[in-house]
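Chains as they are written, first to last, in my numbering: chain A, 251 to 720; chain B, 251 to 720.
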């Protein structure tokens, strides 16, 4: 091989696979590593398996910026969430579940790929007309579950790129109905699969949640005879919050109303599962993508909010129900993190993650099923841009950077005994600090450097995104 | 047409044309608006036209960050630039030639498209692995001149995107030999057409300028029987500066040595034209892409440097020689700007700019040929990101923003009588300030909003770019 050819190949391998190679990778992954059954055989297979199917339907319900303390079952005394509380009563509730990144796009990339956001290149929030998105050669939960015979749908907020190549239809989802961005990022374009079907008045859409739920139920109905994966993404309670007038309660904040609306609409999803007699073969997960922004979200006293690696920014509710498989009313105190979901779901679907790339998490089934604990292979690291902000190993958590400005003195906490991160223990445990600092230094060596790019957007109203309207 | 379909079409038209539409646009532009002769007929046509061909070869020699006062013919007493001074003696020298943007990538985009950088989306410096570059639906000088029968080459620094779709071969250039970035942006990959042929030690390449010149001469030889356009881009005097040892002069700065090296190598290009008897049918332009960075570049007393809209950041040398067509030793005081080059070159090649898009400049031939003056249609505006920083209309120049922080009080200068921008005239001419502020407000309404994106780069050495090494 010539030097030039070798060089080219090197950059193709490490930098940017060609389209052909990407498709090839996906095919290989689909055909060998991921798939344990063929898609065509699945409909019949389900019948044979009957109710106690080993491969459950997967309904992932993701809220946008819901805080750790926003739900009744997580201690909230003000907001009524009977449906979600009921879900927890009939399943498992995690007390130390983390999201992999403190903001939306990277958090979603980590969930869908099972990999740290810096591995996928989604290291900060995308905005309308962003020139990037989730790369074609990443394997998403949509790809992985489809390869195992699942019908797959992405509904609601996407936030992983708006160019056609980045939309859900090109990332393993048979169906997409939703928005590429948040409601406050104009223009708010509603897509069905690859097509823009409406431009919504982004900050004044009262019934979008009901429409998302309608589409999810319709997808369940169409695919009730085969396993399905619904990746359901609320736009609530992220501002702007617009609710149907009958949803507003006199004297109650619109934020609290929004959580109760989410609860109602979750009820509609669960009722549809019941009506179709699918509840017992469906694993339902209800959770959030990161800590709260704005003044309302209630972290139950945890320090920090969105963009922080303190517990209030990264610890969120996770409730999982699968009747007969997950013990009712269980509480899981084992630490877990959102990039664990990929290996967990892929294994439940009868596959296994491909061997050609780094995965950061591990299968949570032992703790979900209540049959055991997990031995954690790697510490948790939170990374903002190209710097580690915090690390958790065992009960120790070390902070080295606050957002993108390094801390002058690292902060060590025992987050089991002190989840509020109120009592730094650096001085008492210099050995732990030293060991964790070294681990952070080693980890950072593998993180690609991040630069910023200024790019123009087509936003016709020239309105900023990310602005809170309350 | 359905509402959804109309919406889709609207976004396709304003946002992102599909590949099919892009190719179609280029074909239409090439076949009708741009082209006055067919490429196949050109070789023979040149023979028939003989020496006094109406369509000259075009040799554009662009320095990287050369300052207004760095050349002998612009008043420098320290640096010896006999070749370039000779070029000025046998052609025209502009005293008020501006570049369209204060930094490299946008400046280059404006030259190649004849359009303000915000129209092409290149609004700031690109860095290795940038996810964007010059859009496929832009028509570059390469496209426009090739459509008029020119052989086209881009040599040296490109800096308009490194993904294959953004490289010169996809933008009208038959041949490319060069670097996608500056020498200080690692990895420094040398391309021939679309292929990486070498990885250079970016900050220690002594003979790259000679190699660029070799390739340019070779291209001239291959294409001596048809009109050609060589877009020649020095990487000097931008740091890091590495010169062959014999080029270093004891007691002289490496910066001054670099300018003298540029002069020598320009001599090689001109000697090749002479040897091939092409000098009289070649329009040679020698100029710079923006004001100086680092401590050495000499603005001849003009205020400001790279990134500034003060004269030192945007006024650069421009020397143009076309024996018998451009009067020898002429000095052009008429203000001109780099987006004027596109209409000037396209017209000299026998075409005209397409009518389907906004062009910002106008044909400079009346002042180049010494046969007349030009009546300027529009004021000059300099834009950083999505904000106007300065405007020039007639002899008035109004500054409203310093880089990206607005000025508290706008600054008005008469840059004909006060090119040093030392004597603000706001208080004496409130009417002019008011009128120009209103024009700026109107102009800004048409500039797309700019957002920032954080993206990871593959730079294996994790070294920063844009760092000066002197």
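Beta carbons are placed, not taken as given, at the ideal position from N, Cα and C, and that holds for glycine. The structure displayed is predicted, hence computed values, not measured ones.
Put simply, the CB of residue 310 of chain B is far from chain A, with every gap to its CB atoms at 8 Å or more. Taking C-beta atoms under 8 Å as the contact rule, residue 402 of chain A and residue 424 of chain A qualify, at a distance of about 5 Å. In the three-state scheme derived from DSSP, where H, G and I count as helix and E and B as strand, residue 649 of chain B is classed as strand.
Residues of chain A whose Cβ lies closer than 9 Å to the Cβ of residue 589 of chain B do not exist, since the nearest Cβ in that chain is about 17 Å away.
Not flagged as an interface residue toward chain A: residue 391 of chain B, since no C-beta distance is shorter than 8 Å. Interface annotation, residue 705 of chain A: in contact with chain B, CB-CB separation under 8 Å.
Residue 630 of chain B has its alpha-carbon roughly 19 Å from the corresponding atom of residue 675 of chain B. The segment 331-379 of chain B contains, as complete beta strand (DSSP E) runs of 3+ residues, the segments 342-344 (chain order). Assignment of beta-bridge partners to residue 706 of chain A by DSSP yields B:700. Taking 8 Å as the cut-off, the beta carbon of residue 571 of chain B is found closer than this to the beta carbon of residue 337 of chain B. Residue 388 of chain B and residue 567 of chain B have their C-alpha atoms some 27 Å from each other. The alpha helix (DSSP H) runs of length 4 or more contained entirely in the segment 590-673 of chain A are, from start to end of the chain, 591-598 and 615-618.
Burial state of residue 594 of chain A is buried, judged by a 10 Å Cβ sphere holding 16 or more other Cβ atoms.
Residue 684 of chain A is outside the set of residues whose beta carbon lies under 8 Å from a beta carbon in chain B. Where residue 562 of chain A is concerned, the enclosing alpha helix (DSSP H) starts and stops at 561-564. The Cβ atoms of residue 405 of chain B and residue 482 of chain B sit closer than 8 Å to each other. By the rule that beta-carbons nearer than 8 Å mark a contact, residue 374 of chain B touches chain A. About 38 Å separates the beta carbons of residue 561 of chain B and residue 706 of chain B, which is beyond the 8 Å limit, so they are not a contact pair.
Beyond the five residues adjoining it in sequence on each side, residue 689 of chain A comes within less than 8 Å, by CB distance, of 629, 641 and 643 in the same chain, given in chain order. For residue 691 of chain A, the uninterrupted alpha helix (DSSP H) run begins and ends at 680-694, by DSSP. Between residue 656 of chain B and chain A, the shortest Cβ-Cβ separation is not below 8 Å. Taking a Cβ-Cβ threshold of 9 Å, the residues of chain B close to residue 377 of chain A are 701, 702 and 703, in chain order.
The C-beta of residue 362 of chain B comes no closer than 8 Å to any C-beta of chain A. Contact between the segment 335-355 of chain B and the segment 347-357 of chain A is absent: fewer than 3 CB-CB pairs across the two stretches fall below 8 Å. Inside the segment 397-483 of chain B, DSSP marks whole alpha helix (DSSP H) runs of 4 or more residues at positions 458-472, from first to last along the chain. Chain-order list of chain A residues neighbouring residue 518 of chain B: empty, with the shortest C-beta distance near 26 Å, by a criterion of under 8 Å. From the beta-carbon of residue 368 of chain A, the residues of chain B found nearer than 8 Å are 706.
Against chain B, the CB of residue 381 of chain A has a partner CB under 8 Å away; the residue lies at that interface. In this chain, the beta strand (DSSP E) harbouring residue 571 of chain A covers 568-571. Look at residue 311 of chain A here: in three-state DSSP terms it is strand. In this model, residue 671 of chain B and residue 323 of chain B are separated by some 22 Å (Cα to Cα).
Three or more Cβ pairs drawn from the segment 306-314 of chain A and the segment 518-538 of chain A lie within less than 8 Å of each other, which places the two stretches in contact. Annotation: residue 333 of chain A to residue 621 of chain A spans about 26 Å, alpha carbon to alpha carbon. Setting aside the 5 residues that flank it on each side, residue 681 of chain B has no residue in the same chain whose C-beta is closer than 6 Å to its C-beta.
Residue 314 of chain B and residue 657 of chain B have their alpha carbons spaced roughly 28 Å apart. 8 Å or more divides the Cβ of residue 586 of chain A from the Cβ of residue 420 of chain A.
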